[in-house]
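Visitor:
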Amino acid sequence: AFVSSPANHAPARQYFGAVRRSGGTGPSMVPRRRHSLATLPTMMAAGKAPLNSETVSIGVGGVSLTALLINRLATEELANAQGRSDILGLAVCSALLLTALSTIDLKVREKESVELAGVAFDEVLVPMSAEREQTLRWAAGAISRVCENAKSVAVYSGGQTVARLGVMGREQTVQVGPIVESALKSAQQQYLADLQILPGRFEFSYFPINTQAILIQPIGPDAFVVVGADKVRPFTGRD
337 AFVSSPANHA PARQYFGAVR RSGGTGPSMV PRRRHSLATL PTMMAAGKAP
387 LNSETVSIGV GGVSLTALLI NRLATEELAN AQGRSDILGL AVCSALLLTA
437 LSTIDLKVRE KESVELAGVA FDEVLVPMSA EREQTLRWAA GAISRVCENA
487 KSVAVYSGGQ TVARLGVMGR EQTVQVGPIV ESALKSAQQQ YLADLQILPG
537 RFEFSYFPIN TQAILIQPIG PDAFVVVGAD KVRPFTGRD
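Numbers 337 to 575, taken from my numbering, label the letters of the sequence shown in order.
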């Protein structure tokens, strides 16, 4: 009875109607578009400019402030009512501009890649079957292919260094320090996006001294993979 009730079909019709109009999987999948100030008047005249966008708020606020200033300069005798209206208009324009500027997305300036000061290694230090070694090398290669800035991969398991693949530093074996211990204890990934500003960078002496970022991925109670990169903030959630 609940399913067949016509009243219960209205929300579904509204939802799927919005899906068809948007062309996505739901109303929330519609991408948010940004517009430049140069095209704002034309879009507003055509009714295409979103009234809640930062561009509209900045445009309206800037034009209104300019109009208030011109009106104030052109008025020889200022009446009390006009003074109060100017103050109110100034407050509204300021609120529009501040709201828009506070919601604008600020992009972090990306840093360039650096050349790691190390030596290239391609060694598996623990005896294993050819199939397992092939799988290990494939996994390390997949990491480098997914993220082009990943230059160093170290695998640790059972108290010993299993493999060192890529550019490595002076230390020959992987050391378990406080940061790695914390990752193993919590079984959670640790991502040091800017390694050079952290005092814990000395824990990873088996990587080049100028390694820019570190990703620690636990794969067991006493096993983990460490990936080093030549760029600050190189990894994303997809990686």
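Beta carbons are placed, not taken as given, at the ideal position from N, Cα and C, and that holds for glycine.
All figures in this text were calculated on a predicted structure; none of them were measured in a lab.
Going by DSSP, what residues sit across from Asp458 in a beta bridge?
Guide: As a position in the sequence shown, residue 458 is number 122, starting the count at 1. Paired residue(s): Leu501.
Visitor: For Gly513, would you say it is in contact with chain B, using Cβ-to-Cβ distances shorter than 9 Å as the test?
Guide: Within the model displayed, chain B is absent; a lone protein chain is all it includes.
Visitor: To the nearest angstrom, report how far apart Leu409 and Ser438 are at their CA atoms.
Guide: In the sequence shown, the residue the question calls residue 409 occupies position 73. In the sequence shown, the residue the question calls residue 438 occupies position 102. Going from the Cα of Leu409 to the Cα of Ser438 covers about 30 Å.
Visitor: How about Val498 and Val455: do their beta carbons lie closer than 9 Å?
Guide: Position 162 of the sequence shown, counted from the start, is the residue given in the question as residue 498. Position 119 of the sequence shown, counted from the start, is the residue given in the question as residue 455. No, they are not a contact pair.
Visitor: Let me confirm a value: Thr391 is counted as buried when at least 16 other C-beta atoms fall within 10 Å, else exposed. Which label applies?
Guide: Residue mapping note: residue 391 aligns to position 55 of the sequence shown, counting from 1. With 16 or more other Cβ atoms within 10 Å, it is buried.
Visitor: Compare the C-alpha of Leu434 against each of Glu448, Glu467, Val396, Asn407 and name the closest.
Guide: Within the sequence shown, the letter at position 98 stands for residue 434. Nearest C-alpha to Leu434: Val396.
Visitor: Which same chain residues, not among the five before or five after Ser541, have their C-beta less than 8 Å away from its C-beta?
Guide: Sequence index remark: in the sequence shown, residue 541 carries index 205 (1-based). So the list reads Gly505, Arg506, Glu507, Gln511, once near-sequence residues are dropped.
Visitor: Who are the near neighbours of Ile479 in its chain, counting only those whose CB is closer than 7 Å to its CB and skipping five residues on each side?
Guide: As a working mapping, residue 479 is identified with position 143 in the sequence shown. Counting only Cβ-Cβ distances below 7 Å, and skipping sequence neighbours, we find Ala486, Val489, Val563.
Visitor: What residues are listed by DSSP as bridge partners for Gly556?
Guide: Taking the sequence shown and counting its residues from 1, one reaches residue 556 at position 220. Gly556 is bridged to Ala559.
Visitor: Quick one: what's got a C-beta closer than 7 Å to Ile545's C-beta in the same chain, skipping five residues either side?
Guide: Within the sequence shown, numbered from 1, the residue matching residue 545 stands at position 209. Closer than 7 Å at the Cβ level, and outside the excluded window around Ile545, lie Ala453, Gly505.
Visitor: What does the Cβ neighbour count give for Asp458, buried or exposed, with the cut at 16 atoms within 10 Å?
Guide: Translated into the one-based positions of the sequence shown, residue 458 becomes position 122. Burial call: exposed.
Visitor: Can you give me the C-alpha to C-alpha distance between Gln524 and Pro557, rounded to a whole angstrom?
Guide: Here residue 524 corresponds to residue number 188 of the sequence shown, with the count starting at 1. Here residue 557 corresponds to residue number 221 of the sequence shown, with the count starting at 1. Approximately 11 Å, taken between the alpha carbons.
Visitor: Which first and last residues belong to the beta strand (DSSP E) in which Lys326 is found?
Guide: The displayed coordinates of the chain run from 337 to 575. Any statement about residue 326 would go beyond what the structure contains.
Visitor: Is it true that the CB of Ala549 sits closer than 9 Å to the CB of Pro570?
Guide: For the purposes of this step, residue 570 is taken as the residue at position 234 of the sequence shown. For the purposes of this step, residue 549 is taken as the residue at position 213 of the sequence shown. Yes.
Visitor: Determine the direct distance from the alpha carbon of Glu484 to that of Lys567, and round the result to whole angstroms.
Guide: Looking up residue 567 in the sequence shown gives position 231. Looking up residue 484 in the sequence shown gives position 148. Each residue's alpha carbon lies about 10 Å from the other.
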